[in-house]
Each structure stands twice: as structure tokens, then as C-alpha cells.
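Undergrad: Numbering (full-length UniProt numbering), first residue to last: 1 to 394. Mind having a look at this structure? Questions to follow.
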């Protein structure tokens with residue numbers, strides 16, 4: 001058991017909280033503030049317990065000096081202030097006298113946000129490579145370190161792992177919930193238990209599929225992953241995306257788990273991987289030359305419904321079509337509607353599947369929507385996440 005924020009006396013302490021504020025920003029405005037809202041419980045707990053709250057987060061990737069101007073956390077500071085109902089002091093640097101002076105002058109209940117931790121990645125990747133000097137410096141600003149950035153826990157960077165080496169540490173409420181829902185629920189699911197896997201490349205999810213297929217009662221497949229299984233089964237899907245390296249593995253899984261694996265039977269296609277082109281419907285046994293399948297169809301939805309409506313636990317990871325395209329959002333949207341109405345405990349993996357749930361209005365419809373894409377997959381796969389392993393044990 002890892003220590004929690006609730007295991008510490010925070011009164012008057014400088015508490016560094018690593019959050020995941022990696023939100024989409026367009027023209028200086030946040031287009032989806034979900035990740036900020038997910039951090040509020042931990043931040044508000046620290047404020048309510050008289051801490052001096054120092055926040056760290058990354059935003060985007062920093063490979064050039066120009067990237068810095070496009071990935072400042074200033075919009076996050078403004079939005080966070082609105083959400084917590086008090087001013088958030090923003091320091092537009094990651095180290096230096098201005099930052100140190102601001103920390104020194106903090107009062108109880110003050111909230112300070114440091115600039116994007118990945119500013120330290122240019123030019124020498126000090127954040128991503130867990131530079132020890134940087135880790136010590138950030139740790140010197142606080143008394144206690146709390147990690148609540150589940151979506152980054154699979155990365156051993158300075159602001160996730162490095163600081164924890166030098167300060168008493170614990171996890172926040174967001175990570176606690178992720179561990180409970182992804183770990184406890186999926187390790188001991190109520191049955192029947194259905195896993196739905198989508199996304200583009202099977203190769204990215206082979207180990208997760210191998211682990212989940214042993215535990216689930218049925219595995220329903222969509223997206224490029226389904227195309228790989230269908231191609232391995234002998235279907236000619238013409239120009240459709242599939243993972244050639246994974247064909248033999250898919251064939252082996254179908255031989256071993258033929259009664260568990262459920263594949264699409266129809267879908268929608270276009271000539272190019274683009275939105276707003278002519279869309280054609282196909283039985284997947286009769287796809288025309290030059291076409292690529294980019295979504296599942298209504299007969300597949302009916303087929304999937306037969307399994308979904310009788311189950312008690314569902315784990316969804318990845319959209320079953322190119323749901324970011326308006327022309328190919330049907331399958332993922334229809335599937336989410338069925339999941340909402342199923343009455344089952346539904347857990348949605350992070351990344352694209354979480355984005356789809358929010359896009360189609362199902363943000364509050366399910367038991368849990370993970371905040372971590374790669375982190376949630378690695379956790380389910382059984383890997384040790386560096387950001388959690390670094391935290392003190394109780």
C-alpha cells in the first residue's frame with residue numbers, strides 16, 4: 001500500500017503536487033478541461049488542510065524554442081483559478097530566483113503553478129531523462145511530494161520519479177481511484193465480463209490483449225485491431241489498415257480462444273483516410289478494390305449488443321472506428337450508447353476512448369473513465385509504473 005495525501009499533516013507545509021494538466025489548447029484557449037477537473041479533489045484537499053500548494057505539470061512536447069511559446073501553462077493557471085475560486089499564482093519559469101522568492105513568500109492555502117516541466121527538455125531533456133540535479137532542485141522547493149498524475153506514471157521523469165527520491169511522498173485521490181478501478185475491478189470482475197478493444201495498431205496492445213483474453217468471457221474487436229484478425233482469418237479488406245507483424249499472433253489467438261473472440265461483420269469505408277469523402281457500406285466479405293474500412297456497421301452493433309446486454313462488467317479500450325472523423329463516428333457513438341444502457345459496470349480506458357466518450361456526451365455515463373492512455377494499458381498489462389513505485393509505502 002502506498003502512502004496517501006491523507007497520511008500527512010499538511011498544515012503550513014509546502015506540498016508539491018504533480019498533476020496532469022496536459023490539456024488541448026487552441027488559440028490560447030483550453031478546449032477540454034477534464035484533466036484539470038480530475039485534479040481538483042486533491043488540490044482542494046491540500047488547500048482545505050492549510051498547505052502551501054505548489055503544482056507541477058507538463059504540457060505537450062518541447063523540442064524547439066518555438067514549442068515553448070505554444071505550450072505554456074498560463075491558460076491552465078487561469079482556468080484552475082476559476083474552478084477553485086481563488087487566484088493561482090503562475091510562475092512562467094521552471095527554476096530561478098523569481099520562482100524561489102515566490103515560494104518563500106507563500107502563505108497557507110496559496111496555490112502556485114510552475115511553468116511546463118517539459119521546458120526543461122529543451123535542449124537537454126532534463127525532465128524526461130530524470131536529471132538528478134533538476135529533481136533535487138524541484139524537491140528543494142517543498143516539504144512533501146504528492147503524485148496525482150496517473151497519465152504520466154509510466155514515465156520515469158524528474159517531476160514524477162525524481163522528486164519522490166528526495167521528499168516524503170504519497171499519491172493523490174485521482175491515482176487512488178485509478179488503481180482501485182483498473183486494478184481491483186478488472187482483476188475480480190463481476191461476470192459475464194466483456195472486453196472491447198479498438199484502436200489502430202494491434203502491435204501496440206498485444207500484451208494487453210494476451211492478458212485480458214485470459215480473464216474475460218468475450219473479447220469484442222474493432223478498428224485496425226479487428227482488421228488484423230479478419231485478415232488473419234482470410235478476409236480481403238483491400239486497402240484497410242492492419243498490422244502485418246501481428247497476423248500470426250492473431251491467428252494463434254483465434255485458434256486458442258475461438259469461442260471468446262467476436263469480430264465485426266460489416267462496416268463503412270472510404271477510398272482515403274480522410275473525413276467528408278464518399279462513404280460506402282460493406283459486408284466485410286465483399287469489400288471493393290481501393291476501399292478501406294474505417295468504422296463498424298449496424299449489423300456489428302447488433303452482434304456486439306448480444307454480448308454486452310448480458311454482461312456485468314465491461315472494459316472498453318480504443319474507439320472501434322475513426323471516431324474523430326464525422327463520417328466514421330457511427331460505430332463508436334452507437335457502441336457507447338449501448339454501453340450506457342447495459343446496466344453493467346463500464347470502465348473506459350484513457351486516451352482516444354476517453355476522448356470519444358466525452359465527445360459524444362458520455363463523460364458521466366460510466367463507472368470510470370481513466371485519465372491515462374499508455375499508463376492505463378501498462379497497468380492492466382501488469383507492468384510496474386515508475387511513478388507509483390517511487391512513492392513511499394505505508
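For glycine and all other residues, C-beta sits at the position ideal for the given N, C-alpha and C.
1) Please return the same chain residues whose Cβ sits closer than 7 Å to the Cβ of residue 141, not counting the five positions on each side in sequence.
2) Thinking residue 277 and residue 327 are a contact (beta carbons under 8 Å), I'd like their distance in whole angstroms, please.
3) Specify the secondary structure class of residue 269 as computed by DSSP and reduced to three states.
4) Pick helix, strand or coil for residue 161, following the three-state DSSP scheme.
5) What residue range is occupied by the uninterrupted beta strand (DSSP E) comprising residue 23?
6) Give the list of continuous beta strand (DSSP E) stretches no shorter than 3 residues that lie fully inside the region 117-181.
7) Select from 108, 72, 107 the residue whose C-alpha is nearest the C-alpha of residue 91.
8) Between which two residues does the beta strand (DSSP E) carrying residue 254 extend?
9) Between the alpha carbons of residue 100 and residue 74, how many angstroms are there, rounded?
10) Given a threshold of 16 other Cβ atoms within 10 Å of its Cβ, counted over all protein chains shown, does residue 1 qualify as buried or as exposed?
11) Please classify residue 272 as buried or exposed, where buried requires at least 16 other C-beta atoms within 10 Å of its C-beta.
12) I need the straight-line Cα distance from residue 229 to residue 89, nearest angstrom please.
13) Inspect the beta-carbon positions of residue 199 and residue 224 and report whether they are closer than 8 Å.
14) Who are the Cβ neighbours of residue 139 in its own chain at under 6 Å, not counting the five residues just before and after it?
15) I'd like to know if the region 370-388 and the region 149-159 are in contact, where contact means that at least 3 CB-CB pairs between them fall below 8 Å.
16) Between the Cα of residue 247 and the Cα atoms of 69, 279, 211, 206, which residue gives the shortest distance?
17) Using alpha carbons as the reference points, say which of 270, 307, 282 lies closest to residue 291.
18) Is the Cβ-Cβ distance between residue 181 and residue 368 less than 8 Å?
19) Taking 8 Å as the threshold, find out whether the region 213-223 comes into contact with the region 169-176 through three or more Cβ pairs.
20) Is it the case that the Cβ atoms of residue 347 and residue 194 are separated by a distance below 8 Å?
21) With a 10 Å radius around its C-beta and 16 neighbouring C-beta atoms as the bar for buried, classify residue 208 as buried or exposed.
22) What residue range is occupied by the uninterrupted alpha helix (DSSP H) comprising residue 99?
23) The alpha helix (DSSP H) with residue 53 in it runs from where to where?
24) Three-state secondary structure (DSSP) at residue 379?
25) By a C-beta neighbour count over all protein chains shown, 10 Å radius and 16 as the cutoff for buried, is residue 451 buried or exposed?
26) Compare the beta carbon distance of residue 236 and residue 287 with 8 Å and say whether it is the shorter of the two.
27) Bridge partners of residue 193, per DSSP?
28) Quick check: residue 19 and residue 69, are their CB atoms within less than 8 Å of each other?
29) Closest by CA to residue 356, which one among 60, 382, 192, 317?
30) Which residue from 335, 26, 52 puts its Cα closest to that of residue 143?
31) Would residue 23 pass as a contact of residue 11 if the rule is Cβ separation under 8 Å?
32) For residue 79, collect the residues of the same chain with a Cβ closer than 7 Å to its Cβ; drop the 5 residues on either side in sequence, then sort them by chain order.
33) May I ask you to report which of helix, strand or coil DSSP gives residue 202?
34) Taking the alpha-carbon positions, what's the residue 63 to residue 125 distance?
35) Do residue 94 and residue 120 count as a contact pair if the criterion is CB distance below 8 Å?
36) How big is the Cα-Cα spacing for residue 123 and residue 61?
TA: Quick look at the numbers:
1) Here residue 141 refers to the residue found at position 141 of the chain shown. Hits under 7 Å: 14, 16, 54, 103.
2) For the purposes of this step, residue 277 is taken as the residue at position 277 of the chain shown. For the purposes of this step, residue 327 is taken as the residue at position 327 of the chain shown. Sure, about 7 Å apart at Cβ, within 8 Å.
3) Position 269 of the chain shown holds residue 269. Here residue 269 sits in strand by DSSP.
4) In the chain shown, the residue the question calls residue 161 occupies position 161. Looking at residue 161 - three-state DSSP - the assignment turns out to be helix.
5) As a first step, residue 23 is located in the chain shown; it is residue number 23 there, counting from the start. First-last for residue 23: undefined, no H or E at that position.
6) 144-147, 169-171
7) Reading the chain shown from its first residue, position 91 is the one you call residue 91. Of the candidates 108, 72, 107, the one whose C-alpha sits nearest the C-alpha of residue 91 is 72.
8) Within the chain shown, residue 254 is the residue found at index 254, counting from 1. Looking at the DSSP string, residue 254 is not in any beta strand (DSSP E); the run it does join, the alpha helix (DSSP H), is 247-256.
9) The residue you call residue 100 lines up with position 100 of the chain shown. The residue you call residue 74 lines up with position 74 of the chain shown. So the alpha carbons of these two residues sit roughly 18 Å apart.
10) Counting from 1 along the chain shown, the entry for residue 1 is found at position 1. By the neighbour-count rule (16 or more Cβ atoms within 10 Å), residue 1 is not buried but exposed.
11) Walking along the chain shown from the start, residue 272 turns up at place 272. With fewer than 16 Cβ atoms within 10 Å of its Cβ, residue 272 is classed as exposed.
12) Numbered from 1 along the chain shown, position 229 holds the residue referred to as residue 229. Numbered from 1 along the chain shown, position 89 holds the residue referred to as residue 89. Whole-angstrom Cα-Cα distance: 52 Å.
13) Reading the chain shown from its first residue, position 199 is the one you call residue 199. Reading the chain shown from its first residue, position 224 is the one you call residue 224. The answer is yes: Cβ separation under 8 Å.
14) Counted from its first residue, the chain shown places residue 139 at position 139. Closer than 6 Å at Cβ, skipping near neighbours: 163, 166, 167.
15) yes
16) Your numbering for residue 247 matches position 247 in the chain shown. Residue 206 is the option with its Cα nearest to residue 247.
17) One-based indexing of the chain shown puts residue 291 at position 291. Of 270, 307, 282, the residue nearest in Cα terms is 270.
18) For the purposes of this step, residue 181 is identified with residue 181 of the chain shown, where counting begins at 1. For the purposes of this step, residue 368 is identified with residue 368 of the chain shown, where counting begins at 1. Yes. Within cutoff.
19) no
20) In the chain shown, residue 347 corresponds to position 347, counting from 1. In the chain shown, residue 194 corresponds to position 194, counting from 1. For residue 347 and residue 194, no; Cβs fall outside 8 Å.
21) What you label residue 208 is simply residue 208 of the chain shown in a count that begins at 1. With 16 or more Cβ atoms within 10 Å of its Cβ, residue 208 is classed as buried.
22) By one-based count along the chain shown, residue 99 stands at place 99. Element bounds for residue 99: 97-104.
23) The residue labelled residue 53 in the question sits at position 53 within the chain shown. Per DSSP, residue 53 belongs to no alpha helix (DSSP H); it is in the beta strand (DSSP E), 52-56.
24) Taking the chain shown and counting its residues from 1, one reaches residue 379 at position 379. Residue 379 falls in the helix class under three-state DSSP.
25) Since the first and last residues shown for the chain are 1 and 394, residue 451 lies out of range.
26) For the purposes of this step, residue 236 is taken as residue 236 along the chain shown, with counting starting at 1. For the purposes of this step, residue 287 is taken as residue 287 along the chain shown, with counting starting at 1. Contact: yes.
27) For this step, residue 193 is matched to residue 193 along the chain shown. DSSP lists 313 as partners of residue 193.
28) Taking the chain shown and counting its residues from 1, one reaches residue 19 at position 19. Taking the chain shown and counting its residues from 1, one reaches residue 69 at position 69. No. Outside cutoff.
29) To locate residue 356, count along the chain shown from 1; it is residue 356. Measuring from the Cα of residue 356, the nearest candidate turns out to be 317.
30) Within the chain shown, residue 143 is the residue found at index 143, counting from 1. Considering only alpha carbons, the answer is 52.
31) Position 23 of the chain shown, counted from the start, is the residue given in the question as residue 23. Position 11 of the chain shown, counted from the start, is the residue given in the question as residue 11. Result no, Cβ atoms of residue 23 and residue 11 do not sit closer than 8 Å.
32) Residue 79 sits at position 79 when you count from the first residue of the chain shown. So the list reads 30, 33, 36, once near-sequence residues are dropped.
33) Taking the chain shown and counting its residues from 1, one reaches residue 202 at position 202. Helix.
34) Here residue 63 is taken as the residue at index 63 of the chain shown, counted from 1. Here residue 125 is taken as the residue at index 125 of the chain shown, counted from 1. In a straight line, the C-alpha of residue 63 is about 9 Å away from that of residue 125.
35) Locating residue 120 in the chain shown gives position 120, where the first residue counts as 1. Locating residue 94 in the chain shown gives position 94, where the first residue counts as 1. Their beta carbons are under 8 Å apart, which means residue 120 touches residue 94 by this criterion.
36) Mapped onto the chain shown, residue 123 falls at position 123. Mapped onto the chain shown, residue 61 falls at position 61. Cα to Cα, residue 123 sits roughly 12 Å from residue 61.
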